[in-house]
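Student: To start, I am sharing the structure in question, which I have written as structure tokens.
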Amino acid sequence: MHVIDTKHFPEYSNSNSFDSIYDHRQLQRKDSNGYVPRNRFVHFDLKGAPPKISYLRKIFPLIRKAGGNGILLEYEDMFPFDGRLKHAAANNAFTKNDIYQIKSLARANQLEIIPLVQTFGHLEFILKLEVYRHLRESDSYPQTICPSKNESSELLFEMIDQVLALHKESKWLHIGCDEVFQIGLCNLCQNQDINQLFLNHVKSIASYVNDRHQVIPIIWDDMLRQIYPETIKLYELHRSNLEIMIWTYIDDIYRFIPYGTWISYSQSFPKIWGASAFKGAFGETLTAPNIKMHLDNNIAWLGALEEQSTNFKTIQGLVITGWQRYDHLATCTSLPSLILDLLTVSNGKYESRLIRKLYEILNCGQNVMISNENIFSKNSNFFHLAQCDFPGSKILQMINDFEEINKRVDDFLYDLTVHKAWLTRYNFAHNITSPWRINEGLQNYPEIMYNLREVAKNALSTLGEVYENSTVFGEKINSK
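Mapping to my numbering: the sequence shown position 65 is 606, numbers consecutive.
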């Protein structure tokens, strides 16, 4: 979900050239004061790889120390749904007691929680199940629910009721509604205008949240971008106190969200949020985020929110998102680069002194210090921080080890097949090669396989400190 397509925007690919031309001073804004959002929330995407409560107990204090004051909590099938929704809960879903613990930890660290319940798109976690299949907008795709069936609304209302029953103190509920790619397809919807379908559904869900629970609903903004402002205004979404969360994960905010879009939004939504990213936005299979690209995005958001503050009654804040997967069926993405982004957002701008603060929060010794002027060009992924002592540092080291052995494997296969041309397609097609040359090329095979097995063995124990066994054995190892 919410991914930058690097095929169409190559300047945002994770290339070495991107870092080699980087100047550390480019990140520092010209103004002296900066812009600090009132709410600085961190998004926890629990689908696929939920962290243990013991890990959250270590992470929440770091978030607070870096300036965060809230959590956007996206459960999907990790919520302990029961009753008619019991099939939607994963086998390793949190228990109600787990959620009470999470809330207690958040409260102890002065972190407000906004739960997130998907209510239109990204519902594959429930629509993939046979018992709910008849509610799909398209039978071929489990992502989107049909907005025209009464049973769809009943299901979504029940999900909302159960989540808010465990989050009675929450002022907001995020109801998703992003990337609704299948709409207007089923027999009930195909003759209706897709914009009307979308807006009617949003109005129905938002009104239910606000009227029934006296909670403020929030939606992602992307589906609104192509709808005429006059059409949006007709639905009077402000009557349900609906707020929008505007998201983009590149450093040119106005490229994806032009000035005209902001003006359009200001006519219907007096209160807005921004959403940046600290991981999971630049490729489905990246094992570690490019720190600089995410930092650039957060800095750009500070500038955009400051510029737009005069157009809206309230800029509610900035949510720094971290996607585990792009949807429920994809593989897990990278581990966080959160603290530096949060330090920057909480400071209102990037300053080189924040690197020192980063080292302090992550318990880094003098042996890992790198000159501020060279830190980004030396290592875009900050793998040197694996030598620090913070929750997840061993995982960072494991990823670094994996990257190194993965490169050795790629080089080995390239050398054996393409470079020296003893195992090419031609050789296979004609069943001819040199056994002596093959044996010579395989001399490094035992060492490479030994190192690969060591990385895999280490991964099992390292990931087990953060994730449950179902995640460790089912995701990180198998996917690679």
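Each residue gets a CB set at the ideal place from its N, CA and C atoms; glycine is no exception.
None of these values were measured; they are calculated from a predicted model.
Assign residue 764 to buried or exposed, taking buried as 16 or more other Cβ atoms, counted over all protein chains shown, within 10 Å of its Cβ.
Tutor: To locate residue 764, count along the sequence shown from 1; it is residue 223. Classification of residue 764: buried, given that the 10 Å Cβ count is 16 or more.
Student: Taking all protein chains shown into account, do 16 or more other C-beta atoms lie within 10 angstroms of the C-beta of residue 1002, making it buried, or fewer, making it exposed?
Tutor: Working through the sequence shown from its first residue, we reach residue 1002 at position 461. Residue 1002 is exposed by the Cβ-count criterion.
Student: Can residue 713 and residue 759 be called in contact, C-beta distance under 8 angstroms?
Tutor: Numbered from its first residue, the sequence shown carries residue 713 at position 172. Numbered from its first residue, the sequence shown carries residue 759 at position 218. Yes.
Student: Between which two residues does the alpha helix (DSSP H) carrying residue 682 extend?
Tutor: Taking the first residue of the sequence shown as position 1, residue 682 is located at position 141. First-last for residue 682: 682-686, but that is the beta strand (DSSP E), not the alpha helix (DSSP H).
Student: Identify, in the order they occur along the chain, each residue of the same chain with its Cβ nearer than 7 angstroms to the Cβ of residue 737, setting aside the five sequence neighbours on each side.
Tutor: Here residue 737 refers to the residue found at position 196 when the sequence shown is read from its first residue. Excluding residues within five positions, none has a Cβ falling inside 7 angstroms.
Student: Give the C-beta separation of residue 584 and residue 863 to the nearest angstrom, bearing in mind that I take them to be a contact with Cβ-Cβ under 8 angstroms.
Tutor: Working through the sequence shown from its first residue, we reach residue 584 at position 43. Working through the sequence shown from its first residue, we reach residue 863 at position 322. With a Cβ gap of about 6 angstroms, residue 584 and residue 863 count as contacting.
Student: Write down the C-beta distance between residue 587 and residue 615 rounded to the nearest angstrom, noting that I regard them as a contact closer than 8 angstroms.
Tutor: Taking the sequence shown and counting its residues from 1, one reaches residue 587 at position 46. Taking the sequence shown and counting its residues from 1, one reaches residue 615 at position 74. Correct: roughly 6 angstroms between the Cβ atoms.
Student: Applying the 10 Å Cβ sphere with the 16-neighbour rule, what's the burial state of residue 834?
Tutor: Position 293 of the sequence shown holds residue 834. Buried, since its Cβ has 16 or more Cβ neighbours within 10 Å.
Student: In the structure shown, what three-state DSSP assignment does residue 766 receive?
Tutor: What you label residue 766 is simply residue 225 of the sequence shown in a count that begins at 1. Correct three-state label for residue 766: coil.
Student: Where do the N-terminal and C-terminal ends of the alpha helix (DSSP H) with residue 703 fall, by residue?
Tutor: Taking the sequence shown and counting its residues from 1, one reaches residue 703 at position 162. It spans 691-706 - the alpha helix (DSSP H) in which residue 703 sits, taken as one unbroken run.
Student: CA-CA distance, residue 948 and residue 966?
Tutor: Along the sequence shown, one-based indexing puts residue 948 at 407. Along the sequence shown, one-based indexing puts residue 966 at 425. Approximately 22 angstroms between the Cα atoms of the pair.
Student: Considering residue 849, what are the terminal residues of the beta strand (DSSP E) in which it resides?
Tutor: Position 308 of the sequence shown holds residue 849. Taken as a continuous stretch (DSSP letters only), residue 849 belongs to no beta strand (DSSP E), being part of the alpha helix (DSSP H) at 832-849.
Student: Do residue 660 and residue 718 have their CB atoms nearer than 8 angstroms?
Tutor: As a first step, residue 660 is located in the sequence shown; it is residue number 119 there, counting from the start. As a first step, residue 718 is located in the sequence shown; it is residue number 177 there, counting from the start. Yes, Cβ-Cβ distance for residue 660 and residue 718 is below 8 angstroms.
Student: Report the rounded CA-to-CA distance for residue 993 versus residue 917, giving the unit in angstroms.
Tutor: As a first step, residue 993 must be located in the sequence shown, where it is residue number 452. As a first step, residue 917 must be located in the sequence shown, where it is residue number 376. Near 28 angstroms, if we compare the C-alpha coordinates of residue 917 and residue 993.
Student: Give the C-beta separation of residue 832 and residue 923 to the nearest angstrom, bearing in mind that I take them to be a contact with Cβ-Cβ under 8 angstroms.
Tutor: In the sequence shown, the residue the question calls residue 832 occupies position 291. In the sequence shown, the residue the question calls residue 923 occupies position 382. Rounded, the Cβ-Cβ distance is 5 angstroms, consistent with contact.
Student: By DSSP, does residue 858 sit in helix, in strand, or in coil?
Tutor: Working through the sequence shown from its first residue, we reach residue 858 at position 317. In this structure, residue 858 counts as strand in the three-state DSSP scheme.
Student: By DSSP, does residue 675 sit in helix, in strand, or in coil?
Tutor: What you label residue 675 is simply residue 134 of the sequence shown in a count that begins at 1. Of the three classes helix, strand and coil, the one that applies to residue 675 here is helix, per DSSP.
Student: With distance defined between alpha-carbon atoms, name the residue in 800, 891, 840 and 757 nearest to residue 716.
Tutor: As a position in the sequence shown, residue 716 is number 175, starting the count at 1. Of the listed residues, the one whose Cα sits closest to residue 716 is 757.
Student: For the alpha helix (DSSP H) containing residue 993, name the first residue and the last one.
Tutor: In the sequence shown, counting from the first residue as 1, residue 993 sits at position 452. Per DSSP, residue 993 belongs to the alpha helix (DSSP H) from 986-1004.
Student: Please report the Cβ distance between residue 1007 and residue 596, rounded to the nearest whole angstrom; I am assuming they are in contact, meaning their Cβ atoms lie under 8 angstroms.
Tutor: On the sequence shown, position 466 is the one that residue 1007 refers to. On the sequence shown, position 55 is the one that residue 596 refers to. The pair is a contact, with the Cβ atoms about 5 angstroms apart (cut-off 8 angstroms).
Student: Below 8 angstroms on the Cβ atoms is my contact criterion, and I expect residue 814 with residue 857 to pass it. Report the Cβ-Cβ distance as a whole number of Å.
Tutor: For the purposes of this step, residue 814 is taken as residue 273 along the sequence shown, with counting starting at 1. For the purposes of this step, residue 857 is taken as residue 316 along the sequence shown, with counting starting at 1. About 5 angstroms separates the two Cβ atoms, so the contact holds.
Student: For a test of the three-state rule: what should DSSP assign to residue 864, helix, strand or coil?
Tutor: For the purposes of this step, residue 864 is taken as residue 323 along the sequence shown, with counting starting at 1. Coil, per DSSP.
Student: Would residue 699 and residue 626 be called neighbours here (beta carbons separated by less than 8 angstroms)?
Tutor: Along the sequence shown, read from residue 1 onward, the residue named residue 699 stands at position 158. Along the sequence shown, read from residue 1 onward, the residue named residue 626 stands at position 85. Their beta carbons are under 8 angstroms apart, which means residue 699 touches residue 626 by this criterion.
Student: Tell me, to the nearest whole angstrom, how far the beta carbon of residue 930 is from that of residue 904; I am working on the premise that it is less than 8 angstroms.
Tutor: Here residue 930 refers to the residue found at position 389 of the sequence shown. Here residue 904 refers to the residue found at position 363 of the sequence shown. Their Cβ separation, rounded to whole angstroms, is 4 angstroms, which keeps residue 930 and residue 904 in contact under 8 angstroms.
Student: Would residue 941 be called buried (16 or more neighbouring beta carbons within 10 Å of its own) or exposed?
Tutor: Along the sequence shown, one-based indexing puts residue 941 at 400. Residue 941 should be labelled buried.
Student: Note the first and the last residue of the continuous beta strand (DSSP E) segment covering residue 786.
Tutor: The residue given as residue 786 occupies position 245 in the sequence shown. That run of the beta strand (DSSP E) goes 784-788.
Student: For residue 797 and residue 888, what's the separation of their Cα atoms in angstroms?
Tutor: By one-based count along the sequence shown, residue 797 stands at place 256. By one-based count along the sequence shown, residue 888 stands at place 347. Rounded to the nearest angstrom, the two C-alpha atoms are 25 angstroms apart.
Student: In angstroms, rounded to a whole number, what distance separates the CA positions of residue 1004 and residue 836?
Tutor: Here residue 1004 refers to the residue found at position 463 when the sequence shown is read from its first residue. Here residue 836 refers to the residue found at position 295 when the sequence shown is read from its first residue. Approximately 26 angstroms, taken between the alpha carbons.
Student: Go to residue 584, then tell me how far its beta strand (DSSP E) extends in each direction, as first and last residue.
Tutor: Stepping through the sequence shown from its first residue, residue 584 is reached at position 43. First-last of the beta strand (DSSP E) with residue 584: 580-586.
Student: Counting only the same chain and skipping the five closest in sequence on each side, list residues whose C-beta sits under 7 angstroms from that of residue 630.
Tutor: Here residue 630 refers to the residue found at position 89 when the sequence shown is read from its first residue. Around residue 630: 618, 620, 621 and 622.
Student: Quick check for students: name the residue ranges of the alpha helix (DSSP H) that lie wholly in the region 635-669, counting only runs of 4 or more.
Tutor: Fully enclosed alpha helix (DSSP H) runs of 4 or longer: 637-649 and 665-668.
Student: Shortest alpha-carbon distance to residue 880 belongs to which of 933, 593, 590 and 986?
Tutor: Numbered from 1 along the sequence shown, position 339 holds the residue referred to as residue 880. Considering only alpha carbons, the answer is 933.
Student: With DSSP collapsed to three states, give me the class of residue 576.
Tutor: Here residue 576 refers to the residue found at position 35 when the sequence shown is read from its first residue. Residue state, collapsed to three classes: coil.
Student: By the DSSP assignment, the alpha helix (DSSP H) with residue 801 in it spans what residues?
Tutor: What you label residue 801 is simply residue 260 of the sequence shown in a count that begins at 1. It spans 800-807 - the alpha helix (DSSP H) in which residue 801 sits, taken as one unbroken run.
Student: Please list, in chain order, all residues of the same chain as residue 794 whose beta carbon is under 6 angstroms from its beta carbon, the five residues on each side excluded.
Tutor: Residue 794 sits at position 253 when you count from the first residue of the sequence shown. The answer, listed in chain order, is 841 and 845.
Student: What does the Cβ neighbour count give for residue 945, buried or exposed, with the cut at 16 atoms within 10 Å?
Tutor: Residue mapping note: residue 945 aligns to position 404 of the sequence shown, counting from 1. By the 10 Å Cβ count, residue 945 comes out exposed.
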